[in-house]
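Chemist: Sequence lines, in order, name chains A and B. Each residue of the first sequence is one higher than the one before, counting from 42 in our numbering. Each residue of the second sequence is one higher than the one before, counting from 139 in our numbering. Just so you know, even glycine gets a beta-carbon here, dropped at the ideal spot from N, CA and C. Quick one: structure below, then a few questions.
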Amino acid sequence: MFEFKLPDLGEGIHEGEVLKWHVAEGERIAEDAPLVDIETDKAAVTIPAPKAGRVVKLNGKVGDVIMVGQIVAVIAAEGAAVAIAPAAAPAPAPTAAAEPGRAAAPAPGPAGAPAASPVPGAPPAPAPLPAAPPPAVAPARGPVPAAPATRRLARELGVDLRLVAPTGPGGRVTPEDVRRFAQSGAPAAGVEEEAAQAAAAAAAAGGAARAPAGDSATALAAAIPAPHPAEAEFAARAASAIPFLDLEPLPDFAQFGPVEIEPLRSIRRKVARKMVTSMILVPHVAHMDEADVTDLEAFRKAENERRGGRGAKLTLLPFVVKAATAGLKQAASFNASLDPFKEEIVYKKYYNIGIAVDTGRGLIVPVVCCTDCKSITDIARDIEGLAARAREGKLAVEELRGGTFTITNVGPLGGTAPIPTINYPEVAILGMGRVQEKPVVRDGQIVVRRMLPLTLAFDHRVADGADAARFVTEMIRHLADPHLLLLEA
Amino acid sequence: MVMGSLKQETEVVVIGAGPGGYVAAMRAADLGREVLLVEERERPGGVCLLEGCIPSKALIGAVEIVDAARRARGMGIAFGEAAVDLDALRAFTADVVAKLSGGVAHLLQRRGVELVHGRARFTGPHTLSLEGGGTIEFRRCIIATGSRINLLPPAYEKPVWSSAEALQLPSLPETLLVVGGGYIGMEMGLVYSGLGSRVSLCEFHPRLLMGADTDLVEIMVRDARRRFDEILLESRVVGVEQTGAGFAVEIESAGRTQKQEYAQILVAIGRKPNTEKVGLEAIGLAVDARGHIPVDEAMRTAIPHIQAIGDAAQGPMLAHKATREGKVAAEVIAGHPAAFDNRAIPAVVFTDPEIAWAGLTEREAEAKGIPVKVGRFPLRALGRARAMGRMEGLTKVLSNPETGQIVGVGIVGPHASELIAEATLAIEMGATIEDLAATIHPHPTLSESLMEAAETAAGTGVHLPPAKKA
Chain A
42 MFEFKLPDLG
52 EGIHEGEVLK
62 WHVAEGERIA
72 EDAPLVDIET
82 DKAAVTIPAP
92 KAGRVVKLNG
102 KVGDVIMVGQ
112 IVAVIAAEGA
122 AVAIAPAAAP
132 APAPTAAAEP
142 GRAAAPAPGP
152 AGAPAASPVP
162 GAPPAPAPLP
172 AAPPPAVAPA
182 RGPVPAAPAT
192 RRLARELGVD
202 LRLVAPTGPG
212 GRVTPEDVRR
222 FAQSGAPAAG
232 VEEEAAQAAA
242 AAAAAGGAAR
252 APAGDSATAL
262 AAAIPAPHPA
272 EAEFAARAAS
282 AIPFLDLEPL
292 PDFAQFGPVE
302 IEPLRSIRRK
312 VARKMVTSMI
322 LVPHVAHMDE
332 ADVTDLEAFR
342 KAENERRGGR
352 GAKLTLLPFV
362 VKAATAGLKQ
372 AASFNASLDP
382 FKEEIVYKKY
392 YNIGIAVDTG
402 RGLIVPVVCC
412 TDCKSITDIA
422 RDIEGLAARA
432 REGKLAVEEL
442 RGGTFTITNV
452 GPLGGTAPIP
462 TINYPEVAIL
472 GMGRVQEKPV
482 VRDGQIVVRR
492 MLPLTLAFDH
502 RVADGADAAR
512 FVTEMIRHLA
522 DPHLLLLEA
Chain B
139 MVMGSLKQET
149 EVVVIGAGPG
159 GYVAAMRAAD
169 LGREVLLVEE
179 RERPGGVCLL
189 EGCIPSKALI
199 GAVEIVDAAR
209 RARGMGIAFG
219 EAAVDLDALR
229 AFTADVVAKL
239 SGGVAHLLQR
249 RGVELVHGRA
259 RFTGPHTLSL
269 EGGGTIEFRR
279 CIIATGSRIN
289 LLPPAYEKPV
299 WSSAEALQLP
309 SLPETLLVVG
319 GGYIGMEMGL
329 VYSGLGSRVS
339 LCEFHPRLLM
349 GADTDLVEIM
359 VRDARRRFDE
369 ILLESRVVGV
379 EQTGAGFAVE
389 IESAGRTQKQ
399 EYAQILVAIG
409 RKPNTEKVGL
419 EAIGLAVDAR
429 GHIPVDEAMR
439 TAIPHIQAIG
449 DAAQGPMLAH
459 KATREGKVAA
469 EVIAGHPAAF
479 DNRAIPAVVF
489 TDPEIAWAGL
499 TEREAEAKGI
509 PVKVGRFPLR
519 ALGRARAMGR
529 MEGLTKVLSN
539 PETGQIVGVG
549 IVGPHASELI
559 AEATLAIEMG
569 ATIEDLAATI
579 HPHPTLSESL
589 MEAAETAAGT
599 GVHLPPAKKA
């Protein structure tokens with residue numbers, strides 16, 4: 042009997058929502074055949090079966106959230122007895138019966154648990170910090186041992202006791218374990234040494250090894266939401282460091298009229314965390330202008346006709362990506378990140394432009410990489426592919442990272458001057474409005490031109506208004522003149 | 139108490155002033171809520187205080203003294219035959235109930251909780267109507283309507299006793315048939331046998347006290363067989379006729395029907411939740427197959443601003459469970475992160491000897507396929523039990539074989555009802571058998587039996603012969 046636990050999906054992903062089971066309980070499954078589609082904060086991934094055999098148990102229905110380290114499925118090896126083995130078998134039987142309505146508790150994780158990421162095509166992930174290792178000692182079944190007051194504390198801090206590494210006797214979770222977990226999302230004792238070593242190694246490696254925010258979140262713990270405690274009572278968490286910040290629990294809206302409650306999950310929650318972090322941390326400034334895209338639009342239209350539907354359709358977006366890349370080359374501070382812990386600005390010598398995609402399940406920002414080296418046609422094709430995969434939930438994790446600048450194009454839906462929120466830790470984001478024919482003055486004459494509204498929101502810690510004006514003007518210069526863009530390509 | 143006036147508005151309304159409802163009302167008031175408590179009885183306290191736990195314990199306490207006097211003979215102290223003054227005993231019980239109910243009313247009043255007399259019924263998601271006039275508009279509601287006694291079909295319309303009537307001590311019948319071998323039937327049977335009635339017991343199931351483990355029940359039954367004329371298992375009452383001297387009862391047992399005369403019948407065949415007459419249909423709230431209202435950990439029903447607690451909600455019908463749920467419900471209203479996440483609800487039967495258990499029973503563990511390690515300790519090996527002349531008893535501790543976590547405890551013996559509290563705390567705290575074994579228990583006391591049972595499980599005890607080497 043093999044208990045398959047949800048593997049580490051990389052990038053600080055702690056949980057995923059079941060989108061689809063590819064098999065039913067009792068069916069056979071081949072090794073590496075698709076087992077389940079899981080939607081994480083970032084993307085949907087198909088998890089293959091680690092072993093061939095008969096599926097004895099699938100944990101969770103579609104829509105249920107499974108934590109990393111929690112049992113996804115129980116697979117009986119071919120030929121092995123499927124009957125729930127009594128005491129002789131070391132593997133504990135499925136725990137569902139012990140506490141109906143609750144997901145299974147993580148079983149004791151043997152030291153050599155399968156840690157390799159089975160995500161198809163996933164790159165060797167940067168050694169993930171041991172954010173939520175399976176508890177060193179945990180009960181084989183039943184609820185996590187913890188005193189009533191500890192359980193209440195966990196509810197208050199939004200901590201899932203099953204994820205907390207216990208330090209008490211018999212695998213009991215102590216109040217300190219819960220607090221430590223809530224503060225850092227990091228493991229308690231037992232693995233502390235390991236974490237310390239990892240931190241030391243990161244420090245030794247210097248600038249190259251930037252630890253994820255969750256790791257060094259001491260100074261800003263109050264301002265940045267802790268990486269994991271998701272359903273946290275924010276009041277308890279944010280009450281401290283920010284003067285005048287006064288968060289109170291929301292009233293019970295049901296008392297005013299009928300309501301419908303949807304848990305904040307998956308992409309929506311990720312967006313919420315990122316936006317709050319960005320808005321609280323970054324002094325946002327918005328710079329607005331308009332680009333005259335009359336000539337570009339004429340060129341684009343002609344080129345699309347000439348292509349007659351072959352290859353990727355040229356929309357305005359790849360041109361803006363190229364123009365932005367041209368602008369970024371001149372304005373390095375918009376292709377940078379500010380490290381508040383080290384007090385340094387990291388200028389990136391590569392140009393990876395994130396494109397905000399409305400997927401129907403929420404906002405996702407896949408990244409077109411190396412836009413400086415790609416032709417506009419290449420970029421158009423990349424965007425088309427990324428957007429399609431984003432909507433199908435099939436983006437690979439690496440297609441979502443490494444961005445240096447983001448563009449969000451709500452123009453096709455409308456908008457004269459959308460002010461976007463910076464995709465932290467990037468420095469700037471460009472919002473595109475709707476292209477409209479407008480009367481403008483050219484050489485003393487009022488003429489009708491097609492104008493594209495642009496808003497650059499940027500981090501005032503890194504750049505100033507003059508920098509923004511120069512950057513946007515450079516972009517506009519390129520958008521106004523297709524020939525200049527050709528030179529860039 | 140305010141009679142139902144035309145229309146009242148309140149933030150929180152609690153329906154039912156039993157041990158769940160009045161606690162919820164007080165806690166909500168202490169948390170700054172405006173609370174109105176509706177109760178159909180004349181006094182607060184509910185079944186538990188007025189016609190259940192409290193008066194029955196008053197009577198059981200009295201009977202225990204008779205038993206103690208009888209046992210004292212074996213210790214060299216002899217009393218005469220006990221003379222029962224029913225009127226005085228009735229007055230004592232009534233006084234206990236009156237003082238406690240008065241105390242609850244006083245505490246409610248001190249908190250500014252308005253006690254409204256009447257029967258409330260939902261007319262909408264934010265309105266209740268009061269029987270006999272008046273409406274209440276509320277923002278939050280806690281349904282704490284409790285439960286009532288099940289009736290015995292063959293005995294409908296006949297002057298048989300329910301437990302509520304039996305507790306009033308209407309008379310001391312020569313012979314009494316107790317129908318139902320649950321905890322109420324056992325307790326009331328022992329009370330009347332202690333007072334001098336000849337008691338027979340009829341139970342439909344093959345065993346008494348269905349929820350408890352057999353090894354615990356057996357020890358109690360051994361004693362009960364001495365007290366009762368007869369204990370009929372797998373038997374049921376199929377006919378009841380009123381006769382001049384009492385009742386002629388037909389009892390079907392193992393396919394045979396026999397007729398027997400009893401001066402009185404006491405029916406104690408369970409309780410059912412009071413959820414039919416609350417107007418749940420008016421707000422679209424469904425109940426489960428047994429009539430209980432489904433709730434979540436925050437005691438919320440399918441309509442989030444309406445909560446249900448106690449016997450009306452799901453779970454065992456026990457006063458202490460209702461009380462805890464009442465606190466949770468009130469705290470949830472006040473925005474606290476409260477939840478009914480208790481891992482053990484102790485069950486207590488005030489027989490002689492008493493039976494108490496908390497957490498998993500062995501039967502449950504077996505039925506659910508949960509492996510447990512069981513440490514047992516018999517009372518006869520305990521100094522205090524011998525000194526008390528009370529050696530009939532057993533304490534057992536069930537633990538997780540891998541982690542040693544205590545998952546259940548069962549006790550039969552004197553004061554089991556008091557001893558189970560420590561065990562319940564141990565389960566809630568996630569304590570291990572080692573924790574219990576290493577905690578110093580005062581000597582000589584019955585509480586040592588818990589420590590000893592844990593030590594038996596841990597293999598560290600010395601008061602039993604050494605376990606055979608495997």
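To which residues of the same chain is residue 486 of chain B closer than 6 angstroms at the C-beta, ignoring the five residues directly before and after it?
Modeler: 494, 555.
Chemist: According to DSSP, is residue 139 of chain A part of a helix, a strand, or is it coil?
Modeler: Because residue 139 of chain A sits at a pLDDT of 37, beneath the cut-off of 50, its placement in the model cannot be relied upon, and the point is left open.
Chemist: Which residues in the same chain as residue 490 of chain A place their Cβ atom closer than 6 angstroms to its Cβ, once the five residues preceding and following it in sequence are excluded?
Modeler: Excluding sequence neighbours, residue 490 of chain A sits near 333, 335, 481.
Chemist: Near residue 341 of chain A, which residues of its chain fall below 6 angstroms by C-beta distance, leaving aside the five closest residues on each side in sequence?
Modeler: So the list reads 355, once near-sequence residues are dropped.
Chemist: Helix, strand or coil: how does DSSP classify residue 307 of chain A here?
Modeler: If DSSP states are grouped into helix, strand and coil, residue 307 of chain A belongs with the helices.
Chemist: Below 8 angstroms CB to CB, which residues in the same chain sit around residue 95 of chain A once its five sequence neighbours on both sides are set aside?
Modeler: Once the five neighbours on either side are set aside, the close Cβ partners of residue 95 of chain A are 67, 68, 69, 70, 116, 117, 119, 123.
Chemist: Note down, in chain order, each residue of its chain lying with its Cβ closer than 8 angstroms to the Cβ of residue 344 of chain B, except the 5 sequence neighbours on either side.
Modeler: So the list reads 371, 372, once near-sequence residues are dropped.
Chemist: I'd like the list of long-range same chain contacts for residue 589 of chain B, defined as Cβ closer than 7 angstroms, with 5 residues on each side in sequence excluded.
Modeler: Around residue 589 of chain B: 574, 575, 577, 579.
Chemist: Would you mind sorting residue 213 of chain B into buried or exposed? The rule is 16 or more other CB atoms within 10 Å of its CB.
Modeler: Exposed.
Chemist: Could you tell me the distance, in whole angstroms, from the CA atom of residue 521 of chain B to the CA atom of residue 582 of chain B?
Modeler: Going by the C-alpha atoms only, they are around 6 angstroms apart.
Chemist: Nearest to residue 337 of chain B by alpha carbon, out of B:264, B:601, B:405?
Modeler: Considering only alpha carbons, the answer is B:405.
Chemist: Tell me, please, whether the CB atom of residue 224 of chain A is closer than 8 angstroms to any CB atom in chain B?
Modeler: False, the Cβ-Cβ gap to chain B never drops below 8 angstroms.
Chemist: So for residue 363 of chain A, helix, strand or coil by DSSP?
Modeler: If DSSP states are grouped into helix, strand and coil, residue 363 of chain A belongs with the helices.
Chemist: Quick check on residue 537 of chain B: buried or exposed, where buried means 16 or more other Cβ atoms within 10 Å of its Cβ?
Modeler: So residue 537 of chain B ends up on the buried side.
Chemist: Do the stretch 445-454 of chain B and the stretch 268-282 of chain B make contact, defined as three or more Cβ pairs closer than 8 angstroms?
Modeler: Judged by Cβ distances under 8 angstroms, the stretch 445-454 of chain B makes contact with the stretch 268-282 of chain B, as three or more pairs qualify.
Chemist: Per DSSP, which residues does residue 340 of chain B bridge with? Please list them.
Modeler: The partner list for residue 340 of chain B (beta bridge, DSSP) reads B:317, B:370.
Chemist: Against chain B, does residue 216 of chain A count as a neighbour if the rule is that its beta carbon must be under 8 angstroms from one of theirs?
Modeler: No, its Cβ sits nowhere closer than 8 angstroms to a Cβ of chain B.
Chemist: According to the Cβ coordinates, are residue 353 of chain B and residue 532 of chain B closer than 8 angstroms?
Modeler: Going by C-beta atoms, residue 353 of chain B is nearer than 8 angstroms to residue 532 of chain B.
Chemist: Which of the three DSSP states is assigned to residue 380 of chain A in this structure?
Modeler: The answer is strand: DSSP assigns residue 380 of chain A an E or B state.
Chemist: The alpha helix (DSSP H) spanning residue 489 of chain A covers which residue range?
Modeler: Careful: residue 489 of chain A lies outside any alpha helix (DSSP H), inside the beta strand (DSSP E) at 486-500.
Chemist: Would a C-beta distance cut-off of 8 angstroms place residue 431 of chain B and residue 450 of chain B closer than the cut-off?
Modeler: In this structure, residue 450 of chain B lies closer than 8 angstroms to residue 431 of chain B by Cβ.
Chemist: Using DSSP with H/G/I as helix, E/B as strand and the rest coil, what is residue 309 of chain B?
Modeler: Three-state result, residue 309 of chain B: coil.
Chemist: Would you mind reading off the limits of the beta strand (DSSP E) that contains residue 277 of chain B?
Modeler: Its beta strand (DSSP E) spans residues 273-281.
Chemist: For residue 134 of chain A and residue 107 of chain A, what's the separation of their Cα atoms in angstroms?
Modeler: Because the pLDDT of residue 134 of chain A is 37, which lies under 50, any placement of that residue in the model is unreliable, and the question is left without a value.
Chemist: Between the stretch 491-509 of chain A and the stretch 150-162 of chain B, do at least 3 Cβ pairs fall closer than 8 angstroms?
Modeler: Too few Cβ pairs lie closer than 8 angstroms, so no.
Chemist: Check the Cβ-Cβ distances between residue 523 of chain A and every residue of chain B, and say whether any is below 8 angstroms.
Modeler: False, the Cβ-Cβ gap to chain B never drops below 8 angstroms.
Chemist: As an exercise, report each continuous beta strand (DSSP E) stretch of at least 3 residues that is fully enclosed by the stretch 78-107 of chain A, in chain order.
Modeler: Within the stretch 78-107 of chain A, the complete beta strand (DSSP E) runs of at least 3 residues are 85-89, 94-99.
Chemist: Taking the alpha-carbon positions, what's the residue 314 of chain A to residue 307 of chain A distance?
Modeler: For residue 314 of chain A and residue 307 of chain A, the distance between alpha carbons rounds to 11 angstroms.
Chemist: Starting from the beta carbon of residue 443 of chain B, find every residue of chain A whose beta carbon is closer than 7 angstroms, and list them in chain order.
Modeler: Per Cβ cutoff of 7 angstroms: 293, 295, 296.
Chemist: Enumerate, from N- to C-terminal direction, the unbroken alpha helix (DSSP H) stretches of 4 or more residues contained entirely within the stretch 529-594 of chain B.
Modeler: Runs of the alpha helix (DSSP H) inside the stretch 529-594 of chain B: 554-567, 571-576.
Chemist: The beta strand (DSSP E) with residue 473 of chain A in it runs from where to where?
Modeler: 469-473 is the extent of the beta strand (DSSP E) around residue 473 of chain A.
Chemist: Do you know whose CA, among A:386, A:368, A:184, lies nearest residue 508 of chain B's CA?
Modeler: Measuring from the Cα of residue 508 of chain B, the nearest candidate turns out to be A:184.
Chemist: With a cut-off of 8 angstroms, does the C-beta of residue 490 of chain A fall near any C-beta of chain B?
Modeler: Chain B contact via Cβ: absent.
Chemist: Check the Cβ of residue 44 of chain A against every Cβ in chain B and list those closer than 7 angstroms, keeping chain order.
Modeler: Here the premise fails: no neighbours, minimum Cβ distance about 15 angstroms.
Chemist: Please state whether the Cβ-Cβ distance between residue 64 of chain A and residue 113 of chain A is less than 8 angstroms.
Modeler: Cβ distance not < 8 angstroms, so residue 64 of chain A and residue 113 of chain A don't count as in contact.
Chemist: Exposed or buried, which one is residue 429 of chain A when buried takes at least 16 other CB atoms within 10 Å?
Modeler: By the neighbour-count rule (16 or more Cβ atoms within 10 Å), residue 429 of chain A is not buried but exposed.
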